[in-house]
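**Q**
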Amino acid sequence: MRGGLPARQLARPPGEITTAEQWVAGALGALLTIDGAELERITQTAFADGRVVTAREETLAPDSPPPTALFLHRPVPDELAAPITLTVVGEGDGWLAIDKPSGLATMPRGSYVARSAVVQARRQFGNDAIIPAHRLDRLTSGVLLLVTDPARRAEIQGWFARGLVTKHYRAWSVPGPVALADGDWHDIRLRLARKDGTLPTLIVPGEPNTHTRVRVIATSEHWQWELIPVTGRTHQLRATLAHLGAPICGDPLYPVVAPTDDPRWVSGLGLRSCSLVTPEFQVSVP
Numbered sequence: 009m010r011g012g013l014p015a016r017q018l019a020r021p022p023g024e025i026t027t028a029e030q031w032v033a034g035a036l037g038a039l040l041t042i043d044g045a046e047l048e049r050i051t052q053t054a055f056a057d058g059r060v061v062t063a064r065e066e067t068l069a070p071d072s073p074p075p076t077a078l079f080l081h082r083p084v085p086d087e088l089a090a091p092i093t094l095t096v097v098g099e100g101d102g103w104l105a106i107d108k109p110s111g112l113a114t115m116p117r118g119s120y121v122a123r124s125a126v127v128q129a130r131r132q133f134g135n136d137a138i139i140p141a142h143r144l145d146r147l148t149s150g151v152l153l154l155v156t157d158p159a160r161r162a163e164i165q166g167w168f169a170r171g172l173v174t175k176h177y178r179a180w181s182v183p184g185p186v187a188l189a190d191g192d193w194h195d196i197r198l199r200l201a202r203k204d205g206t207l208p209t210l211i212v213p214g215e216p217n218t219h220t221r222v223r224v225i226a227t228s229e230h231w232q233w234e235l236i237p238v239t240g241r242t243h244q245l246r247a248t249l250a251h252l253g254a255p256i257c258g259d260p261l262y263p264v265v266a267p268t269d270d271p272r273w274v275s276g277l278g279l280r281s282c283s284l285v286t287p288e289f290q291v292s293v294p
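Residue 9 is where the sequence shown starts when you use the working numbering, and the numbers rise one by one after that.
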C-alpha cells in the first residue's frame, strides 16, 4: 500500500523471464494491448518512478531478478497539490464517521482516485485498512461511515446489507406537487432500473423494488425535504424526487442529463446525508 492505494499484482508472462523488466513489459503489453516504443516508454517510466515492487514493497530495478510475485503501483491521475482535510463527526470501536464533501467520491475509481474519501482518510489517519461501510454518490455530501478495523468489517457492512441502519437525508428541490406539501410522511414505491447498467436510473413498469419515505419540511423558492430510503438502490433519492416532479437542485442527471462541461458535475448537489442510526450508535451532521 502506498499513499492509501494498493499495488496491482502483475501476472507472470509465459516464457522465460530473467529480469523484472521483462516481467513488467510482458504483463503490461498483454494488459494494455500495446507494444513497441509505447510499451517501452511506459515500462521505463514505471521503473524510473519506483512503482515496481515486491510483495514486501521493495523497489525493483529493471535488471532485478524476477521475484516470487511482482506488483505495480499505478500512477494517480488526479493527485492533489494539497490533501483534503476530512471532518470527523464520530468515532468508536472499529469505525469512523466523516462529513464527506460534495464532489468527493467514496471509493477510488476511474478519474477519481486521490479525490476519494477512502484514499484521503487512509492518508489523513495513517490507516491503510480503512474501507467504506456503505457508499454515497460523489455529489452527495454528509455522513459517511468508514470501517477502521478489519476485524469489524463484515459485521458493520452487514448492518447495511441487512437493512439495520436507518439513513436520514435532507434535500433541496424545485417546488413539487402541492399534495405532498402537507408536512406528513409519504411512502413512495417505484421500480428502478438502469439500461445496460448505465446511468441515469430509470423508472420502469413492474413490481416496485424501492421504497422511499418523503416529507416536505419547508416551501419557498426551493422546497426542503426529509428523506428516508428504506431500500438502497443507486440514485434512488434523486430519481424518486425527479419522478415526483421535484428534481433536486444542482442535479446534472435528473430529470435531464446535462452536458459534460456543466459545472453541476463538479459539486453542489442539494442532497445531504444527515444521520445514520445503527444498532450500536448514531452519528449526524447539521
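Ideal Cβ positions, reconstructed from N, Cα and C, are used throughout, including at glycine.
To which residues does DSSP link L154 through a beta bridge?
**A** Start at 1 with the first residue of the sequence shown, and residue 154 comes out as number 146. In DSSP, L154 forms a bridge with L104 and P140.
**Q** Would you mind reading off the limits of the beta strand (DSSP E) that contains L284?
**A** Translated into the one-based positions of the sequence shown, residue 284 becomes position 276. It spans L279 to V285 - the beta strand (DSSP E) in which L284 sits, taken as one unbroken run.
**Q** According to DSSP, what are the bridge partners of V96?
**A** The sequence position of residue 96 within the sequence shown is 88, counting from 1. According to DSSP, which records beta bridges pairwise, V96 is partnered with I106.
**Q** Can you have a look at D107 and say buried or exposed, based on whether 16 or more other CB atoms are within 10 angstroms of its CB?
**A** Counting from 1 along the sequence shown, the entry for residue 107 is found at position 99. Buried.
**Q** Among all the DSSP beta bridges, which residues are the ones paired with S124?
**A** Residue mapping note: residue 124 aligns to position 116 of the sequence shown, counting from 1. A113, per the DSSP bridge assignment.
**Q** Let's test the definition: count the other Cβ atoms within 10 Å of the Cβ of A162 and tell me whether it reaches 16, buried, or not, exposed.
**A** Sequence index remark: in the sequence shown, residue 162 carries index 154 (1-based). Label assigned to A162: exposed.
**Q** Pull up the DSSP beta-bridge partners for K175, would you.
**A** As a working note, residue 175 is residue 167 in the sequence shown. Answer by DSSP bridge pairing, in chain order: L284.
**Q** Using the C-alpha atoms, what's the distance from A247 back to V264?
**A** By 1-based counting over the sequence shown, the position of residue 264 is 256. By 1-based counting over the sequence shown, the position of residue 247 is 239. Near 11 Å, if we compare the C-alpha coordinates of A247 and V264.
**Q** Using 8 Å as the cut-off, can you tell me whether the stretch 217 to 226 makes contact with the stretch 186 to 202, which would need three or more C-beta pairs spanning the two stretches below that distance?
**A** Verdict: yes, contact present.
**Q** Comparing alpha-carbon positions, which option in G205, P237, R64 and P70 lies nearest T51?
**A** Along the sequence shown, one-based indexing puts residue 51 at 43. Nearest of G205, P237, R64 and P70 to T51, Cα basis: P70.
**Q** Say whether the stretch 46 to 62 touches the stretch 77 to 94, bearing in mind that this needs 3 or more beta-carbon pairs closer than 8 Å, one atom from each stretch.
**A** yes
**Q** Please state the DSSP three-state secondary structure of D195.
**A** Within the sequence shown, residue 195 is the residue found at index 187, counting from 1. D195: strand per DSSP, three-state reduction.
**Q** Could you check where the beta strand (DSSP E) with I295 kicks off and where it finishes?
**A** With the chain running from 9 to 294 in the structure shown, residue 295 is simply not present.
**Q** Does at least one heavy atom of the ligand MN sit under 6 Å from the Cβ of A63?
**A** Among the components of this structure there are no ligands whatsoever, and the ligand MN is therefore not found.
**Q** Would you mind working out which of H230, T206, I25 and T114 sits nearest G253, comparing C-alpha positions?
**A** Stepping through the sequence shown from its first residue, residue 253 is reached at position 245. Taking only the C-alpha atoms, the option nearest G253 is H230.
**Q** Alpha carbons only, please: which of T227, V212, L39 and S228 is nearest the one belonging to Q244?
**A** Sequence index remark: in the sequence shown, residue 244 carries index 236 (1-based). Closest by alpha carbon: V212.
**Q** How would you label V186, buried or exposed, when you count the other beta carbons within 10 angstroms and need 16 or more for buried?
**A** On the sequence shown, position 178 is the one that residue 186 refers to. Classification of V186: exposed, given that the 10 Å Cβ count is below 16.
**Q** Would you give the residue range spanned by the beta strand (DSSP E) that L18 belongs to?
**A** Counted from its first residue, the sequence shown places residue 18 at position 10. It spans R16 to L18 - the beta strand (DSSP E) in which L18 sits, taken as one unbroken run.
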